[in-house]
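A quick write-up on the structure given underneath.
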Amino acid sequence: MSPMTPFRLIPSSLLLAISLSPLHAAYELPPIPDIPAKQELNSVPMGDPGSFEEVQLDFPIADGPFQPNWDSIESHYPGSPDWLREAKFGIWVHFGPQSAGMSGDWYARKMYIPGTPAYENHLKNYGHPSEVGYKEVLRDWNPKKLDPAKLTAIYQDAGARFLMIQGVHHDQFDLWNSHYQPWNSTRMGPKRDLIGEWSKAVKKAGMHFGITFHHEYSWWWWQSAFGADTSGPKAGVPYDGNLTLADGKGQWWEGLDPRMLYNVDLREYQSVDAAAHSPWSPPTAGIFDRHLDYAHWYATWWALRMTDAIDQYDPDFIYTDGTGQQPFEGWNTGTGYRSNAMQRVIAHFYNQALQRRGQVDTFSVVKFRKPTNGTVTTEEFGIPRDIHTLQPWIAEAPVGDWFYTPDVTYDSGMMIRYILEAVARDGNACIAISPLPDGSLEPPCVAMLKEVGQWMKTNGSGIYGSKAWTRLGEGDLDGDHLRQIPGGPLRQNHADFRFSERDFRYTIGKDGDLYAWCMTVPKPRTSLRLTALGTSANSLPGPIRKIELLGGTGFVHWKQNDDALVIETPDTRNLSTAIGFRISTH
């Protein structure tokens, strides 16, 4: 391939410039700072985060009442928008070039770790990572069958009311017309503005959407790319993470700085190299205190890319990946630096919403953050044991894996049960569907989504706009808690999981009725006992006036005894997975 044309916003001095919006003057990100000479590997301890004050970033943000600190954000935020409670169910478009590896999640990192399936798949499909690295995966990835309008229609038909769309994963590759990251999908690979296409399709369909940003991890996540095989014919030959801008002269990637993809070598810090070769763990908490200039540059760059996407696509929400209180906090996945980058992005996002929409009907997902007005949190894989109303939250899990891997179990029942478990606890559910590397869905996946959509059409009155009842449910116990679906990605063990006719979940529909969900489909004329609804429980606002089976055709016979409400199931032969009873007291 011929060398790439120079990035239009990167002059030879490597200054990056963009007008954040018509409201802002152009902002220039300085060149990447000089990196200190590397000391002996694994010799430098991390700085104690507690001894470093939070750095206040200074790039411009939209004018408005929101200032870049939590006190201001909490005091001005009007509360999570009504549309989130109404929506309840979303699909996560967790898709990008790492799908090309067909190795599941974290392919870009694991392809540099011998012994992993990702490394072996990369050898087979591309070559050795010292010669053909992840940058070549980016060059060659071309999801020709990716059709956001078509997929949006499929997801909407499945009952989803919002989409969560990946903007950039830990691989550092921006999937939009990024003004700050030259390694992006408009310049290589598909040469398409994928976020722009999704934004157009979702808005046309009348749905809500958010953009997810996972690049906080990126500066330490990529450390495996700086290594080399320790045995075999390529032992000691450095992987391509070690390349420099000068090395690109005459190559297809000429003019692109590898540091803006792989970042810089941080393996001199204790625990960094070991963490890079672990299945998941970030480095030990601390500050990269020999790289403070670079850390400041990176945190600013991280934030500018987010504000760039906000300004271009006007999402209904943004999502930042990580564990802990916020990105760049010095702890957990935010290790390495302390700054108010997150608060600055959120303040810009909400001020921008006020200017564009006249109201803040947007929200920010800060993963696993403590209850904070202005943020929404998530539950990855697992479902809380009990009802959780302290803050809005979204349960998230993939079908199979976060990126495509062969032999996925496609089962509508496990998706439906996951949704029920979330909404009964006052949450929302967002389930990732992993497209094939070409952007298409496997036929069994399409069939699964169609079945979910049919169930949602029948039962949506007790799902959309619902809230938790005073009691989560009843049924068989696991210790002191109700038995519930397993944690982890939705796979065969979820498809095989079975509830009994004793297992119920409850929701209050936006119509004010109580919905009792039997987590299986009992045979006709089965007597179901709901002890929470016996007269002695005194749990209802008035006497029961009517009970109907959603999707059912026969009359529902029932009797409210002192110790339980007894319902005899009518004909259930045309129903699947779980059945819902609408119990009206008005």
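So for the sequence shown, my numbering puts the first residue at 1; every next one is plus one.
Glycine residues also receive a C-beta, built at the ideal position from the N, C-alpha and C atoms.
Remember, it's a predicted structure, so these values are computed and weren't measured experimentally.
In the three-state reduction of the DSSP assignment, residue 164 falls in the strand class. In this structure the region 345-352 lies against the region 72-85, because at least three pairs of beta carbons, one per stretch, are closer than 8 Å. If you look at residue 120, you'll find it isn't in any beta strand (DSSP E); it sits in the alpha helix (DSSP H) that goes 117-125. In the structure shown, residue 557 falls within a strand segment according to DSSP collapsed to helix, strand and coil. DSSP places residue 55 within a strand segment (E or B) once states are collapsed to three. DSSP places residue 584 outside any alpha helix (DSSP H); the residue lies instead in the beta strand (DSSP E), whose first and last residues are 579-584.
Under the three-pair Cβ rule at 8 Å, the region 115-122 does not count as touching the region 43-58. When the Cα atoms are used, residue 289 and residue 419 turn out to be separated by approximately 44 Å.
Taking C-alpha positions only, residue 492 is separated from residue 66 by approximately 46 Å.
The beta carbon of residue 188 is closer than 6 Å to those of 138, 139 in its chain, skipping five residues each way along the sequence.
Per DSSP, reduced to three states, the secondary structure at residue 99 is helical. For residue 338, the beta-bridge partners assigned by DSSP are 329.
The DSSP-derived three-state label of residue 204 is helix. In the displayed model, residue 410 falls within coil according to three-state DSSP, outside both helix and strand. Our two residues, residue 224 and residue 273, have alpha carbons roughly 7 Å apart in a direct line. In the three-state reduction of the DSSP assignment, residue 259 falls in the helix class, which pools H, G and I. A residue is called buried once 16 or more other Cβ atoms fall within 10 Å of its Cβ, and residue 237, having fewer, is exposed.
Residue 481 counts as exposed, since fewer than 16 other C-beta atoms from the protein chains shown sit within 10 angstroms of its C-beta.
8 Å or more divides the Cβ of residue 174 from the Cβ of residue 166. The continuous beta strand (DSSP E) containing residue 568 extends over residues 565-568. In the structure shown, residue 365 falls within a strand segment according to DSSP collapsed to helix, strand and coil. For the 8 Å CB-CB criterion, residue 301 and residue 29 form a contact. A direct Cα-to-Cα measurement between residue 377 and residue 249 gives close to 45 Å. Residue 495 has no beta-bridge partner at all, per DSSP.
By the Cβ neighbour-count rule, residue 580 is buried, with 16 or more other Cβ atoms within 10 Å of its own.
Distances from the alpha-carbon of residue 294 to those of 338, 545, 324 put 338 closest.
Straight through space, the alpha carbons of residue 43 and residue 292 are spaced by roughly 17 Å.
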